[in-house]
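Peer 1:
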Amino acid sequence: MKRMITLDKPIAVWRSKDNIDGRIMDTLTVILKTRGCFWNRCVMCGFSADSSNLVSDEDILNQFHAINAKDVECIKIYTSGSFLDTNEISINVKKKIIEELDKNSINKIIVESRPEFITRENLSLLDDRFIIAIGLETADDYIRNKIINKGFSFLDYKRACNLIHSLGMRVKTYLLLKPPFLIERDAISDTINSGIRCSECSDYVSINPCNIQKNTHLERLWFEKEYRSPWLWSCLEVLKGLTSIDLPVQMDPVGAGNRRGPHNCGRCDQKITKAIKDFSLNNDPTLIEDLDCECREIWNEILKIEDYPFAPILI
Ligand SMILES: [Zn+2]
572 MKRMITLDKP IAVWRSKDNI DGRIMDTLTV ILKTRGCFWN RCVMCGFSAD SSNLVSDEDI
632 LNQFHAINAK DVECIKIYTS GSFLDTNEIS INVKKKIIEE LDKNSINKII VESRPEFITR
692 ENLSLLDDRF IIAIGLETAD DYIRNKIINK GFSFLDYKRA CNLIHSLGMR VKTYLLLKPP
752 FLIERDAISD TINSGIRCSE CSDYVSINPC NIQKNTHLER LWFEKEYRSP WLWSCLEVLK
812 GLTSIDLPVQ MDPVGAGNRR GPHNCGRCDQ KITKAIKDFS LNNDPTLIED LDCECREIWN
872 EILKIEDYPF APILI
């Protein structure tokens, strides 16, 4: 019942700063409530809880009008699915949103979509202010489809990137650090390899250390003690492993320090999380050097001995 009352308010809105093309910009992020992701099968995704079949075009426009996009240079418009899916955001609503944005001084607009909706027709409404984000998660087709259950191939992603670039827009790729059934060591190398592979066709890379959302398959594995979210040391290791690629790399450690999010021993979590955020904003590798804690040794040992994917060492 609660959701019926709030269809005309976005799920969340917040301001932050982002480094885009070497410049720190004031950014507004809005998450619009829609009918939800048509796929809705990914092992770690709990966003369907934020969607409703009752959302109308008018509701989405009201949600958008409820935000204040003044004084920001960049806006991120997310849904719990794909901005380019016309069943989630109709062409008419997209046109009106773009008209609204034209009235402001916004020069970067980031939206997210699955590759199947990245078509010439769906992109035709957009212009070169747009950055299209794709949740690739990993460059490994086996991990993406057999473990995460994402339902598209690296080739689908590459085709979408080429189309976006051919129309003068840019690509941001999201990677997921540590899907289930990967030991810590393999999760680190999977994300580093993925960052290297997608750097050929993406303009920005953003890494999401996996967090455990409510009512997901991943949460069930966690309850059964078959999953631990990544160590913050692993997050740093990935960032260090990607400093050589010619692409800005960001990381958003949602839920850091919490048992459901990326975490270390509890004593150093705040310090490491701050370093990750500072690195993401400034793209300065020196900000993630010289960090230490007693738990780093434990993590190091785990990397050496954890070899059984169904029995993580829970610390
Ligand atoms: Zn520690």
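For the numbering used here, count along the sequence shown from 1 and bump the result up by 571. Glycine included, each C-beta is placed from N, C-alpha and C at the ideal position.
#1: Tell me the rounded alpha-carbon separation between Ile735 and Asp673.
#2: What does the Cβ neighbour count give for Trp585, buried or exposed, with the cut at 16 atoms within 10 Å?
#3: Just curious, the alpha helix (DSSP H) that Arg700 is in, first and last residue?
#4: Please report the straight-line C-alpha distance between Arg867 and Trp804, rounded to a whole angstrom.
#5: With DSSP run on the structure shown, which of helix, strand or coil describes Thr814?
#6: At a cut-off of 8 Å, is Glu755 close to ligand 1 when judged by its beta-carbon and the heavy atoms of the ligand?
#7: Within the continuous alpha helix (DSSP H) that includes Lys729, where are the two ends?
#8: Once you ignore the five residues that flank Lys743 on each side, which residues in its own chain have a CB closer than 8 Å to its CB?
#9: CB Ile602 to CB Ile631, shorter than 9 Å?
#10: Would the beta-carbon of Gly652 fall within 9 Å of that of Thr600?
#11: My output table needs one value for Trp793: the three-state DSSP class, helix, strand or coil.
#12: Considering Cα atoms alone, identify which of Gly826, Gly607, Cys616, Gly766 is closest to Thr650.
#13: What residues in its chain sit with their C-beta under 8 Å from that of Thr709, if we drop five residues either side in the sequence?
#14: Does Asn779 have its Cβ less than 9 Å from a Cβ in chain E?
#15: Would you call the segment 722-730 in contact with the segment 691-701, where contact means no fewer than 3 C-beta pairs closer than 8 Å?
#16: In angstroms, rounded to a whole number, what distance separates the CA positions of Ala637 and Asn675?
#17: Kindly list the residues whose CB is nearer than 7 Å to the CB of Lys665, restricted to its own chain and excluding five residues on each side of it in sequence; keep chain order.
#18: Would you kindly report the start and end of the unbroken beta strand (DSSP E) that includes Cys836?
#19: Quick check on Asp748: does DSSP put it in helix, strand or coil?
#20: Which one or two residues does DSSP pair with Tyr649 in a beta bridge?
#21: From this set, Val820, Asn658, Lys641, which residue's C-alpha is nearest Asn624's C-alpha?
#22: Here's the rule: buried if 16 or more other CB atoms are within 10 angstroms of the residue's CB, otherwise exposed. What is Arg574?
#23: Let me confirm a value: Ser800 is counted as buried when at least 16 other C-beta atoms fall within 10 Å, else exposed. Which label applies?
#24: Looking only at its own chain, which residues have a Cβ that is under 6 Å from the Cβ of Arg756, when we skip the five neighbours before and after it?
#25: Helix or strand or just coil, what does DSSP make of Ser805?
#26: Verify whether the separation of the beta carbon atoms of Ile843 and Cys864 is less than 9 Å.
#27: From what residue to what residue does the beta strand (DSSP E) around Ala583 run?
#28: Taking a contact to mean a Cβ-Cβ separation below 9 Å, would you say His834 touches Trp802 in this structure?
#29: What are the boundary residues of the alpha helix (DSSP H) that includes Lys666?
#30: From the DSSP output, in three-state form, read off Ile778 for me.
#31: Near Asn854, what residues of its chain come up, given a Cβ to Cβ distance below 7 Å and the 5 sequence neighbours on each side ignored?
#32: If you reduce the DSSP assignment to three classes, tell me which class Lys875 lands in.
Peer 2: Answer, in terms of the structure:
#1: If you number the sequence shown from 1, residue 735 lands on position 164. If you number the sequence shown from 1, residue 673 lands on position 102. So the two alpha carbons sit approximately 21 Å from each other.
#2: By 1-based counting over the sequence shown, the position of residue 585 is 14. The residue in question, Trp585, is exposed, as its Cβ has fewer than 16 Cβ neighbours within 10 Å.
#3: Stepping through the sequence shown from its first residue, residue 700 is reached at position 129. Where Arg700 is concerned, there is no enclosing alpha helix (DSSP H), given that its DSSP letter is neither H nor E.
#4: Start at 1 with the first residue of the sequence shown, and residue 867 comes out as number 296. Start at 1 with the first residue of the sequence shown, and residue 804 comes out as number 233. If I take the Cα positions, the gap works out to 7 Å.
#5: Walking along the sequence shown from the start, residue 814 turns up at place 243. Three-state DSSP puts Thr814 in coil, outside helix and strand.
#6: Counting from 1 along the sequence shown, the entry for residue 755 is found at position 184. It does not: the Cβ of Glu755 is nowhere closer than 8 Å to a heavy atom of ligand 1.
#7: Taking the first residue of the sequence shown as position 1, residue 729 is located at position 158. Note, Lys729: alpha helix (DSSP H), 725-737.
#8: Working through the sequence shown from its first residue, we reach residue 743 at position 172. Answer for Lys743: Ile681, Ile702, Ile703, Ala704, Ile705, Ser773, Asp774, Tyr775, Val776, Ser777, listed in chain order.
#9: As a working note, residue 602 is residue 31 in the sequence shown. As a working note, residue 631 is residue 60 in the sequence shown. Contact flag unset, no.
#10: Taking the first residue of the sequence shown as position 1, residue 652 is located at position 81. Taking the first residue of the sequence shown as position 1, residue 600 is located at position 29. Not a contact, by the Cβ cut-off of 9 Å.
#11: One-based indexing of the sequence shown puts residue 793 at position 222. Helix, per DSSP.
#12: Locating residue 650 in the sequence shown gives position 79, counting from the first residue. It is Gly607 whose Cα lies nearest to the Cα of Thr650.
#13: The residue given as residue 709 occupies position 138 in the sequence shown. Taken in chain order, the residues that qualify are Arg715, Ile719, Leu746, Leu747, Pro750, Asp761, Thr762, Ser765.
#14: The question asks about chain E, but that chain is absent: this structure has only one protein chain.
#15: no
#16: In the sequence shown, counting from the first residue as 1, residue 637 sits at position 66. In the sequence shown, counting from the first residue as 1, residue 675 sits at position 104. Going from the Cα of Ala637 to the Cα of Asn675 covers about 15 Å.
#17: Counted from its first residue, the sequence shown places residue 665 at position 94. Excluding positions up to five away in sequence, the list reads Leu696.
#18: Taking the sequence shown and counting its residues from 1, the one referred to as residue 836 is at position 265. No beta strand (DSSP E) contains Cys836, which DSSP labels as neither H nor E.
#19: Looking up residue 748 in the sequence shown gives position 177. According to the sequence as given, residue 748 is Leu; it is not Asp. Looking at Leu748 - three-state DSSP - the assignment turns out to be strand.
#20: In the sequence shown, residue 649 corresponds to position 78, counting from 1. Paired residue(s): Ile602.
#21: Along the sequence shown, read from residue 1 onward, the residue named residue 624 stands at position 53. Looking at the Cα atoms, Asn658 is the closest of the given residues.
#22: Here residue 574 refers to the residue found at position 3 when the sequence shown is read from its first residue. Low per-residue confidence applies at Arg574: pLDDT is 44, beneath 50, and the placement is therefore not dependable, though the value from the model is reported in the following sentence. Exposed: under 16 other Cβ atoms inside 10 Å.
#23: For the purposes of this step, residue 800 is identified with residue 229 of the sequence shown, where counting begins at 1. Buried: at least 16 other Cβ atoms inside 10 Å.
#24: Counting from one through the sequence shown, the residue named residue 756 turns up at place 185. Closer than 6 Å at Cβ, skipping near neighbours: Leu874.
#25: Here residue 805 corresponds to residue number 234 of the sequence shown, with the count starting at 1. Ser805 falls in the helix class under three-state DSSP.
#26: For the purposes of this step, residue 843 is identified with residue 272 of the sequence shown, where counting begins at 1. For the purposes of this step, residue 864 is identified with residue 293 of the sequence shown, where counting begins at 1. A contact, by the Cβ cut-off of 9 Å.
#27: For the purposes of this step, residue 583 is taken as the residue at position 12 of the sequence shown. Counting along the chain, the beta strand (DSSP E) containing Ala583 begins and ends at 583-591.
#28: Counting from 1 along the sequence shown, the entry for residue 834 is found at position 263. Counting from 1 along the sequence shown, the entry for residue 802 is found at position 231. Contact flag set, yes.
#29: Residue 666 sits at position 95 when you count from the first residue of the sequence shown. Its alpha helix (DSSP H) spans residues 662-673.
#30: As a working note, residue 778 is residue 207 in the sequence shown. Strand.
#31: Sequence index remark: in the sequence shown, residue 854 carries index 283 (1-based). Cβ neighbours of Asn854 beyond the five flanking positions: Asn590, Pro819.
#32: The count along the sequence shown starts at 1 and reaches residue 875 at position 304. Three-state DSSP puts Lys875 in a helix.
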